[in-house]
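Structure first, then comments.
Number of protein chains: 4
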Amino acid sequence: MILVIRPDATLEQIDHVIETVRELGFTPHVSRGESRTIVGVIGDEAKPQVENFSAIPGVEQVHRILKPFKLASREFHKPDSAVYVGKVKIGAGSLAMIAGPCAVENYEVMDTVAKYVKAGGANILRGGAFKPRTSPYAFQGMGEDGLKILKDVGQKYDMPVVTEVMDPRQVDLVCRYTDMLQIGARNMQNFDLLKECGKANKPVLLKRGMSATVKDLLMSAEYILAEGNKDVVLVERGVRSFEDSTRNMLDMSAVPNVKGQSHLPIIVDPSHATGRPDLIPAMCRASVAAGADGVHVEVHNCPEKAMSDGPQALLPHQFLDLMGDLRRLATAMGCEFWAPPEK
Amino acid sequence: MILVIRPDATLEQIDHVIETVRELGFTPHVSRGESRTIVGVIGDEAKPQVENFSAIPGVEQVHRILKPFKLASREFHKPDSAVYVGKVKIGAGSLAMIAGPCAVENYEVMDTVAKYVKAGGANILRGGAFKPRTSPYAFQGMGEDGLKILKDVGQKYDMPVVTEVMDPRQVDLVCRYTDMLQIGARNMQNFDLLKECGKANKPVLLKRGMSATVKDLLMSAEYILAEGNKDVVLVERGVRSFEDSTRNMLDMSAVPNVKGQSHLPIIVDPSHATGRPDLIPAMCRASVAAGADGVHVEVHNCPEKAMSDGPQALLPHQFLDLMGDLRRLATAMGCEFWAPPEK
Amino acid sequence: MILVIRPDATLEQIDHVIETVRELGFTPHVSRGESRTIVGVIGDEAKPQVENFSAIPGVEQVHRILKPFKLASREFHKPDSAVYVGKVKIGAGSLAMIAGPCAVENYEVMDTVAKYVKAGGANILRGGAFKPRTSPYAFQGMGEDGLKILKDVGQKYDMPVVTEVMDPRQVDLVCRYTDMLQIGARNMQNFDLLKECGKANKPVLLKRGMSATVKDLLMSAEYILAEGNKDVVLVERGVRSFEDSTRNMLDMSAVPNVKGQSHLPIIVDPSHATGRPDLIPAMCRASVAAGADGVHVEVHNCPEKAMSDGPQALLPHQFLDLMGDLRRLATAMGCEFWAPPEK
Amino acid sequence: MILVIRPDATLEQIDHVIETVRELGFTPHVSRGESRTIVGVIGDEAKPQVENFSAIPGVEQVHRILKPFKLASREFHKPDSAVYVGKVKIGAGSLAMIAGPCAVENYEVMDTVAKYVKAGGANILRGGAFKPRTSPYAFQGMGEDGLKILKDVGQKYDMPVVTEVMDPRQVDLVCRYTDMLQIGARNMQNFDLLKECGKANKPVLLKRGMSATVKDLLMSAEYILAEGNKDVVLVERGVRSFEDSTRNMLDMSAVPNVKGQSHLPIIVDPSHATGRPDLIPAMCRASVAAGADGVHVEVHNCPEKAMSDGPQALLPHQFLDLMGDLRRLATAMGCEFWAPPEK
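Residue numbers (UniProt numbering), protein chains in the order written: chain W, 1 to 343; chain B, 1 to 343; chain H, 1 to 343; chain U, 1 to 343.
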């Protein structure tokens with residue numbers, strides 16, 4: 001950490017800065033430039049006190065030079081991590097295709113959609129039982145009944161399932177029915193929920209918040225890892241921007257950006273990122289080419305009757321076409337979508 | 001609601017649109033323009049199904065024309081609402097000054113800061129016992145011990161107290177010690193927490209999320225109101241932007257924007273919005289002049305030793321100076337900071 | 001266009017709205033819903049007067065339903081357009097690889113970089129002679145001397161060249177030396193420059209502004225097309241966002257988004273979008289997979305000595321590796337980088 | 001400037017970094033921390049070469065510690081600068097009220113609006129003769145005929161006038177008719193235009209670009225100052241954001257933010273910032289309370305017939321009411337709107 005001293009700081013102030021650095025257990029290293037004095041602060045930047053350096057009178061700027069996350073960092077774990085969801089491997093060359101309807105609505109829809117996505121090559125089934133809705137008057141999900149349906153259909157088609165958990169009080173219940181816990185964008189900094197999922201023994205699918213930087217996303221992953229759960233898969237799903245023709249702005253560069261800093265797998269969710277079925281196939285293709293460890297897509301056999309987010313779902317035949325393209329690109333990239341061993 | 005039909009839609013598709021509108025209990029009203037056919041949808045836009053209109057084949061655009069919130073709306077309740085926190089009235093011409101340290105650290109600091117802010121004219125005391133921190137390694141708050149200190153100091157200085165609640169499981173506990181529940185920016189769309197606070201019989205201070213629109217903020221207020229709790233005070237505290245010299249971007253126009261659409265009081269928190277003590281006084285003054293129902297400011301007697309967000313706190317003497325300016329501006333605006341009746 | 005009337009509008013106001021619509025040459029079409037009256041406005045939305053409808057007393061909302069651009073629209077010209085730069089075809093399955101240093105610095109660097117990028121398969125050479133720099137104290141470009149070097153080197157390697165034009169007064173001069181005019185992000189809404197380039201008989205490379213929506217970009221293209229120049233290639237080069245680890249945020253979805261609305265080719269510039277060489281290859285790959293008509297990359301043989309934007313340039317060997325990947329992906333996508341016919 | 005070395009940098013790389021720093025005329029100052037080596041670079045950060053430090057192999061991060069602008073900085077000129085437009089003083093306690101229609105449309109409208117705003121206390125008259133319009137099909141302004149009308153009406157009411165200049169070729173013409181040159185938001189980084197206005201002997205009203213940081217704005221002012229023109233007034237007019245209920249997001253904190261770093265006056269334009277007449281009065285009041293040196297407001301006697309931006313104009317009587325409020329707040333702030341000396 002580096003402290004830049006104000007040009008009008010008094011000698012007493014500078015002495016007080018140096019003394020404070022020492023008091024907090026760091027070693028100060030002073031150097032005087034033409035127009036500014038600089039104090040290098042040698043020691044562990046993760047100490048909680050460092051955030052207050054900028055409040056010491058006479059300090060003009062504070063520059064951190066170390067990353068604030070550890071367990072999530074590439075420096076902590078050099079090779080790419082793979083996360084297993086049931087038998088499905090995500091990361092290190094093995095791609096996930098997580099597909100299904102936005103919400104679990106009833107057995108029939110779930111069954112129909114699962115049949116189609118399984119046939120297309122999806123390897124993990126999704127469906128929401130607890131739905132975070134902007135309006136209190138919108139469909140809030142089927143709750144435990146939805147979890148049961150999701151589990152049953154997943155077993156029927158031999159696919160592990162993932163579903164969102166919104167409340168720390170739901171974690172135990174959801175763990176009983178699902179193979180992976182999803183933390184939604186709105187809860188990326190719901191720290192109590194992160195901690196609770198960090199204590200669960202299920203892998204976690206952590207979505208980037210709508211105004212979260214890549215660093216914020218990795219810090220939220222760190223919350224889960226710090227509780228002992230090593231199985232975190234990150235999801236880029238778009239952030240808020242001024243562009244008003246898409247629901248969010250998909251930050252595709254987050255894929256290589258995360259991979260440079262972290263060993264954790266990262267997948268892309270173009271359904272929520274764009275909100276537009278006409279853009280989803282191109283963004284899935286781009287994700288694979290960018291090096292993502294998988295894709296997350298909503299599929300519905302009758303979007304106009306869906307109980308949640310129908311307009312952003314692909315139709316089953318669109319999904320099948322898409323998978324053909326994605327397999328071709330995966331091959332060109334030297335990786336492949338995970339598939340069960342042929343018998 | 002208005003549906004714009006694609007120029008290449010078939011007659012069958014248009015018939016299907018009209019039929020679907022009827023099926024869902026709405027009345028369709030068709031008009032043909034030079035280049036587009038339009039279907040007016042007459043009925044209650046709050047019905048959950050309306051979101052799927054854009055998924056009906058042949059529909060190009062959907063324009064909502066009604067607001068998605070009701071209880072929070074100015075149309076539902078024409079006059080300005082006032083919310084009481086203990087004896088303190090917020091709204092309808094009576095201004096709140098919520099001040100205190102970011103976190104409750106110990107009795108001494110809380111007592112010292114409370115003495116100063118009370119003397120300056122603050123009417124509600126704040127201090128966090130549960131702290132939402134980006135890093136799992138940062139100080140997470142004193143928990144119940146902090147709540148006790150906050151309550152004791154509030155009673156000593158005859159000030160109601162407000163503190164953040166982060167987890168639905170904490171609501172009961174926090175209610176025992178505090179006069180107002182704060183929901184932080186990161187939890188603005190933590191819907192289970194909103195519902196739980198909506199069931200509590202304490203007023204709620206709801207902060208705008210970092211990527212929330214004004215409409216999103218009002219929808220989150222609607223969650224609380226819909227559970228029966230009428231006492232919601234909104235807080236503008238800045239949103240994420242590309243400007244990198246301030247912590248967030250204070251959206252000052254949210255004050256009149258909210259007031260035009262909603263009867264709820266709204267205050268401004270320049271401490272979190274700017275993160276810079278040098279900008280806080282000017283932004284407090286602007287808030288009062290913009291018509292806000294109060295201000296929320298962090299104050300600390302020794303920011304460099306604060307356990308959380310020290311660098312954004314005002315010093316006690318800065319707070320005193322500020323209050324002088326704010327009182328003068330409040331008078332010019334025809335309103336005043338709530339103060340206990342003189343004995 | 002649809003006008004939504006305020007619920008408290010008087011009958012006189014509604015009559016005045018209808019009369020005004022007629023006066024301006026449109027046909028009004030009134031329908032009354034449960035809570036709002038709506039006036040459909042039938043006629044040409046491109047008439048300048050329409051922007052004032054929202055200023056008529058009693059009007060609450062105005063919803064446009066037609067696109068504000070014409071010549072750039074897919075409806076105006078259904079098939080993909082191809083643009084020729086010298087012999088190089090951009091669009092309709094033929095991909096551009098525009099490469100070179102940020103600025104023309106001297107003959108030697110230009111020659112060295114051109115040799116490498118030509119060998120790698122670049123088909124258009126770039127280099128700036130007039131540089132838009134944030135600081136007045138930074139290198140502003142070599143001007144006409146740079147144009148001469150660029151032209152000479154382009155001829156030596158049989159590559160058409162593109163360079164930026166910043167000032168309407170420079171258009172004639174730049175046209176004498178270059179095969180394509182580039183309009184930079186900062187000038188995307190420099191309307192006099194757009195008009196001047198619209199009168200030139202050279203193709204135009206139009207970069208998206210840092211806060212431009214996709215619609216804004218297409219409107220700026222419309223300015224050029226409206227002057228008679230049909231050869232416009234759009235460039236996605238990132239927009240401003242809160243993410244602070246990349247220079248801008250690459251909006252990859254702009255590629256299919258533009259292609260859905262417009263017949264014009266669009267390429268991607270990951271150098272300016274990310275500002276980070278470690279992210280450029282992945283973003284080039286993603287661009288090809290997303291369906292872009294080409295890529296724009298800065299290459300320098302000694303980035304640390306570059307006179308402009310060195311830190312975002314690829315090294316020659318990185319460029320060679322990248323082209324191998326891109327050719328493989330292009331094949332998987334059923335398109336190819338334009339290359340001169342083998343002799 | 002501070003260079004942070006990569007943890008895996010070789011000794012040769014570190015030596016090369018140090019050598020390069022020396023070669024460029026700076027003094028290196030090396031210090032080794034627990035996990036990173038740091039090289040302080042002592043010398044003038046404004047040298048163009050510094051931007052390339054991050055391209056030297058082995059360099060992980062570059063932290064600038066000095067501001068990149070000089071003439072615009074508070075360090076260069078400690079007291080607040082005042083700028084004179086005709087007799088009107090802007091800055092140092094004297095407030096501007098710049099008012100008028102968006103565009104000059106004809107003599108009658110200009111005369112009517114000028115009469116009203118003069119009566120209300122406006123001290124500078126505005127009106128556009130060259131209009132930057134998103135659409136090539138929208139009204140582009142009256143050109144020189146508009147300039148003549150503006151000048152005539154300004155003289156009739158004894159008000160200096162300001163109008164926008166969009167093209168470097170127009171500067172001489174515009175200077176003949178106007179007392180102040182306005183550079184619009186879209187041209188804030190039209191560097192050739194900045195230079196041309198820097199050579200003119202008229203004060204310049206420089207609007208913040210829609211995606212410009214405060215630093216970017218000050219760098220653009222620096223372009224004008226560096227050409228010898230000392231009379232620059234900055235304008236905060238809102239930036240692009242995800243909030244879709246206002247045209248832009250007014251960054252009110254830019255006022256004290258600029259004042260802390262620069263001696264130049266800054267005013268606020270809530271008309272363009274919000275695009276909503278219902279929000280303009282509150283934002284004008286907030287601007288005065290925030291310490292702005294004035295306000296810029298569009299006024300039109302018949303917004304529904306305005307040829308440009310009618311929907312964002314105040315009506316004359318709204319303007320009169322507003323000025324009453326603003327004078328009261330200015331008094332509370334210890335400053336006043338400039339007014340001609342009473343005879």
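Using N, Cα and C, we set each Cβ at its ideal position, and we do this for glycine too. Owing to the predicted nature of the structure, the values given are computational and were not obtained by experimental measurement.
- Per DSSP, the continuous beta strand (DSSP E) segment holding residue 97 of chain U begins and ends at 94-100.
- Fully enclosed beta strand (DSSP E) runs of no fewer than 3 residues occupy 59-63, 83-85, 88-90, 94-100 and 124-126 of the region 52-131 of chain U, in order along the chain.
- Residue 236 of chain W has W:268 as its beta-bridge partners, per DSSP.
- Within the model, the alpha-carbon separation for residue 226 of chain H versus residue 71 of chain H is close to 7 Å.
- Beta bridge pairing from DSSP links residue 30 of chain H with H:39.
- The beta-carbon of residue 134 of chain B is placed less than 7 Å from the nearest beta-carbon of chain W.
- Relative to the Cα of residue 228 of chain H, the nearest Cα in the group H:244, H:277, H:199 and H:286 belongs to H:199.
- Among the bridge pairs identified by DSSP, residue 242 of chain B is matched with none.
- When rounded, the separation of the alpha-carbon atoms in residue 154 of chain W and residue 161 of chain W is 6 Å.
- With 16 or more other CB atoms across the displayed protein chains lying within 10 angstroms of its CB, residue 264 of chain W is buried.
- Under the DSSP assignment, residue 204 of chain H falls outside any alpha helix (DSSP H), being part of the beta strand (DSSP E) whose first and last residues are 204-207.
- In this structure, residue 86 of chain H lies near residue 179 of chain H, with their beta-carbon atoms less than 7 Å apart.
- Between residue 139 of chain W and residue 252 of chain W, the CB-CB gap reaches or exceeds 7 Å.
- Residue 251 of chain W reaches chain H at 243 and 249, counting residues in chain order whose Cβ is nearer than 7 Å.
- Relative to the Cα of residue 117 of chain U, the nearest Cα in the group U:333, U:303 and U:297 belongs to U:297.
- DSSP places residue 308 of chain W in the coil class of the three-state scheme, outside both helix and strand.
- Around the beta carbon of residue 11 of chain U, fewer than 16 other beta carbons sit within 10 angstroms, so the residue counts as exposed.
- Sequence-distant Cβ neighbours of residue 323 of chain B in its own chain, meaning closer than 6 Å and more than five residues away, are 120 and 121.
- With a minimum length of 3 residues, the unbroken runs of beta strand (DSSP E) contained wholly in the region 119-204 of chain W fall at 124-126, 161-164 and 180-183.
- Put simply, the CB of residue 56 of chain B is near chain W, with a gap under 7 Å to one of its CB atoms.
- At a beta-carbon threshold of 8 Å, the residues of chain U lying near residue 20 of chain H are 304, ordered along the chain.
- Taking 7 Å as the threshold, the shortest C-beta distance from residue 264 of chain H to chain W does not fall below it.
- In the structure shown, residue 25 of chain U falls within a coil segment according to DSSP collapsed to helix, strand and coil.
- By the C-beta density criterion, residue 317 of chain U is exposed, having fewer than 16 other C-beta atoms within 10 angstroms.
- Contact between residue 275 of chain U and residue 237 of chain U does not hold, since their C-beta atoms are separated by about 11 Å, which reaches or exceeds 8 Å.
- Using a CB distance cut-off of 7 Å, residue 77 of chain B does not count as an interface residue toward chain H.
- Under the 10 Å beta carbon count, residue 190 of chain W is surrounded by 16 or more other beta carbons and is classified as buried.
- Rounded to whole angstroms, residue 136 of chain H and residue 235 of chain B show a C-alpha spacing of 41 Å.
- Residues of the region 32-44 of chain U with a Cβ closer than 7 Å to any Cβ of chain W, in chain order: 33, 34, 35, 36, 38, 40, 42 and 43.
- Rounded to the nearest whole angstrom, the C-alpha separation of residue 242 of chain H and residue 272 of chain H is 16 Å.
- For residue 55 of chain H and residue 303 of chain U, the gap between their C-alpha atoms comes out near 6 Å.
- Assigned with DSSP and collapsed to three states, residue 251 of chain U falls in strand.
- Per DSSP, residue 296 of chain W is one residue of the beta strand (DSSP E) stretching across 294-298.
- When the Cα atoms are used, residue 336 of chain W and residue 282 of chain W turn out to be separated by approximately 18 Å.
- The beta-carbon separation of residue 158 of chain H and residue 166 of chain U, rounded to 39 Å, does not stay under the 8 Å limit for a contact.
- CA-CA distance, residue 19 of chain W to residue 144 of chain B, rounds to 34 Å.
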